[in-house]
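Numbering (our numbering), first residue to last: 15 to 439.
Ideal placement from N, C-alpha and C gives every residue a C-beta, glycine not left out.
Only one structure is covered here, and it is reproduced in the block below.
In structure tokens:
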């Protein structure tokens, strides 16, 4: 059973009454029947009717609409009570939560920034016991109800500040997890760790003293070099993308078995509903590996967003025996096809100057083409207008710089990769 504990002089204040967190059968039916409705129009049309609070249920409908693709199993469970739509937006997706949970194990995990509880739910499937902390009591109470409905029996809810809970622990946890808030006092988004709440750079010694392993979820825009300097002892960094869009950066520190420094391993992960593709490398390898450069050959390879964020530019070329087009053009080429599950593969048709007249012979009558800019002086929208292109079609134009510095358009068509796999170093 889910337990809610009052700890460290904190009190559990529930601004929603406990019975209001439980949706009655009539309320569940209403939400199910109106799940696709426009909530503003629904609220105006029905106001309060049939003894139902339309305001409360409209909030539930709106939150579920935001959760439909992000939290599919939660969306389909009408016994759950959703917190505010903003909490849904800020929470991890099910896909990323389950992946994060695959990295942990052990007896005790502390989730110090519990929020909506999606990560907690995933961690509960991997750790024997999870302590969830949330400083907003109403959100803690909602999470307690939802985790109970989802069958989690090994989670203890603490309606208190997570750092206060951490300080009170007398034995090191197997894992400590934090997802610091990335908004300032005005509601604006922040990226730097020192601007987040809590500031993990200031808490770093405490975290290392209290946990055998620490995992921190951060912004996809986080600067990796600065972060490594701020958090000595990091052992792994995971760049997590969902279908080629980077969603979060995970920082992990595992207590080393020896006093020798541990090389930081970088994992570029691209998640799909049915699989994941991972490219792993070390920063030392990236700096030292030798690669070749070449003008475009028969095939062109464009890495996914996770690899680009991770900075695996040289390691990728060396691992797959590819040639790079230019030092800062993160496109690769080969004469023979190479299995490339780490992004998109194209077959060359032509190389031409970046002007409208030069590309005309390679365009269909409707002028449709897909344009990508890589190490090119003009932004995509400006170049598309200059070239007179319309979005779509089967032609892919890669605007880039070659090894001699020339700015060129690579006219290509998409080529299917041989198969998908997960590759680690």
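Excluding the five sequence neighbours on either side, which residues of its own chain have a C-beta within less than 8 Å of the C-beta of residue i, listed in chain order?
i           : result
residue 281 : 250, 251, 252, 253, 292, 293, 294, 324 and 438
residue 226 : 120, 186, 187, 188, 189, 268 and 269
residue 84  : 102, 105, 107 and 108
residue 260 : 234, 253, 254, 319, 320 and 323
Can you tell me the Cα-Cα spacing of residue i and residue j, whole angstroms?
i           : j           : result
residue 332 : residue 313 : 16 Å
residue 182 : residue 152 : 23 Å
residue 110 : residue 136 : 9 Å
residue 203 : residue 322 : 23 Å
residue 25  : residue 165 : Low confidence applies to residue 25: its pLDDT is 36, below 50, so where it sits in the model is not reliable enough to give any reading.
residue 350 : residue 366 : 22 Å
residue 330 : residue 388 : 17 Å
residue 348 : residue 337 : 6 Å
residue 196 : residue 241 : 15 Å
residue 244 : residue 279 : 17 Å
residue 373 : residue 363 : 11 Å
residue 184 : residue 178 : 12 Å
residue 239 : residue 113 : 24 Å
residue 371 : residue 398 : 13 Å
residue 87  : residue 421 : 48 Å
residue 50  : residue 305 : 53 Å
residue 412 : residue 402 : 15 Å
residue 218 : residue 400 : 50 Å
residue 228 : residue 359 : 37 Å
residue 346 : residue 79  : 40 Å
Less than 7 Å separating the beta-carbons of residue i and residue j?
i           : j           : result
residue 89  : residue 81  : yes
residue 234 : residue 212 : no
residue 343 : residue 426 : no
residue 192 : residue 127 : yes
residue 34  : residue 93  : no
residue 275 : residue 296 : no
residue 286 : residue 315 : no
residue 72  : residue 53  : yes
residue 406 : residue 382 : yes
residue 48  : residue 75  : yes
residue 171 : residue 97  : no
What do you get for residue i, buried or exposed, if any count of 16 or more other CB atoms within 10 angstroms of its CB means buried?
i           : result
residue 125 : buried
residue 224 : buried
residue 327 : buried
residue 216 : exposed
residue 173 : buried
residue 335 : exposed
residue 232 : buried
residue 176 : buried
residue 435 : Per-residue confidence for residue 435 stands at a pLDDT of 39, beneath the threshold of 50, marking its modelled position as unreliable; the derived number appears in the next sentence. By the 10 Å Cβ count, residue 435 comes out exposed.
residue 423 : buried
residue 368 : buried
residue 160 : buried
residue 43  : exposed
residue 133 : buried
residue 148 : buried
residue 391 : exposed
residue 208 : exposed
residue 310 : buried
residue 36  : exposed
residue 379 : exposed
residue 375 : exposed
residue 462 : Given that the chain is displayed from residue 15 to residue 439, the structure contains no residue 462 and the question cannot be resolved.
residue 265 : buried
residue 248 : buried
residue 129 : buried
residue 377 : buried
Considering just the uninterrupted stretch of the beta strand (DSSP E) at residue i, what are its terminal residues?
i           : result
residue 185 : Per DSSP, residue 185 belongs to no beta strand (DSSP E) and is neither H nor E.
residue 266 : 259-268
residue 147 : 141-147
residue 423 : 421-429
residue 36  : Element bounds for residue 36: n/a, residue is neither H nor E.
residue 339 : 337-340
Tell me which same chain residues have a C-beta within less than 7 Å of the C-beta of residue i, skipping the five on either side of it?
i           : result
residue 168 : 138, 142, 143 and 144
residue 318 : 255, 258, 284, 356 and 357
residue 340 : 307, 389, 415, 416 and 417
residue 236 : 205 and 263
residue 361 : 312, 313, 426, 427 and 429
residue 41  : 66 and 71
residue 298 : 277
Between which two residues does the alpha helix (DSSP H) holding residue i run?
i           : result
residue 278 : Taken as a continuous stretch (DSSP letters only), residue 278 belongs to no alpha helix (DSSP H), as it is neither H nor E.
residue 443 : Lying before the first or after the last residue shown, residue 443 is absent from the chain, which here runs from 15 to 439.
residue 102 : 99-104
residue 56  : 53-60
residue 373 : 370-373
residue 159 : 151-163
residue 75  : 68-81
Please return the same chain residues whose Cβ sits closer than 6 Å to the Cβ of residue i, not counting the five positions on each side in sequence.
i           : result
residue 394 : 385 and 387
residue 57  : 68 and 72
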